[in-house]
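Visitor:
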Amino acid sequence: MSQKDGGPAFPYSALIPDNETRQMIGTIYADNRGMSLRAYFAAKAMQGLLANPHWNTLALELAGITESQATMAMARVSIMYADRLLTELNKEAK
Numbered sequence: 001m002s003q004k005d006g007g008p009a010f011p012y013s014a015l016i017p018d019n020e021t022r023q024m025i026g027t028i029y030a031d032n033r034g035m036s037l038r039a040y041f042a043a044k045a046m047q048g049l050l051a052n053p054h055w056n057t058l059a060l061e062l063a064g065i066t067e068s069q070a071t072m073a074m075a076r077v078s079i080m081y082a083d084r085l086l087t088e089l090n091k092e093a094k
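Residues 1 to 94 in the numbering used here are what the sequence shown lists, from first letter to last.
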């Protein structure tokens, strides 16, 4: 698992066929399929922020904050939460 992005969010393993015996043996691990765990955590954080009816209202009320800047702030905060969660999970794994 990559320390930077947490590895795949939805890894899978699958049995592979043995050509000689025609039996399913061993496993393969797909570690590069789909989104990273970091992206998954960031998406979940953003979902929570979007569920808060005050997020955009509060950001837009601040002087000089446009809707575009509020959206960028939400993205940055979501990634910050994802990174902090991965940091904590990596601490527990050690």
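Every residue gets a Cβ at the ideal spot worked out from N, C-alpha and C, and that includes glycine.
Bear in mind the structure is a predicted one, so any value in this text is a computation, not a measurement.
Tell me which same chain residues have a C-beta within less than 6 Å of the C-beta of Phe41, skipping the five on either side of it?
Guide: Sequence index remark: in the sequence shown, residue 41 carries index 41 (1-based). Within the same chain, Phe41 has close Cβ partners Ala82 and Leu85.
Visitor: Can you tell which of Glu20, Gly48, Asn19 and Thr21 has its C-alpha closest to the C-alpha of Ser78?
Guide: Walking along the sequence shown from the start, residue 78 turns up at place 78. Closest option to Ser78, Cα to Cα, is Gly48.
Visitor: What distance in whole Å lies between the Cβ atoms of Ala51 and Ala9, which are believed to be in contact at a cut-off of 8 Å?
Guide: Start at 1 with the first residue of the sequence shown, and residue 9 comes out as number 9. Start at 1 with the first residue of the sequence shown, and residue 51 comes out as number 51. So it is not a contact: roughly 20 Å between Cβ atoms.
Visitor: Along the alpha helix (DSSP H) that carries Ala45, what are the first and last residues, could you check?
Guide: Looking up residue 45 in the sequence shown gives position 45. First-last of the alpha helix (DSSP H) with Ala45: Leu37 to Ala51.
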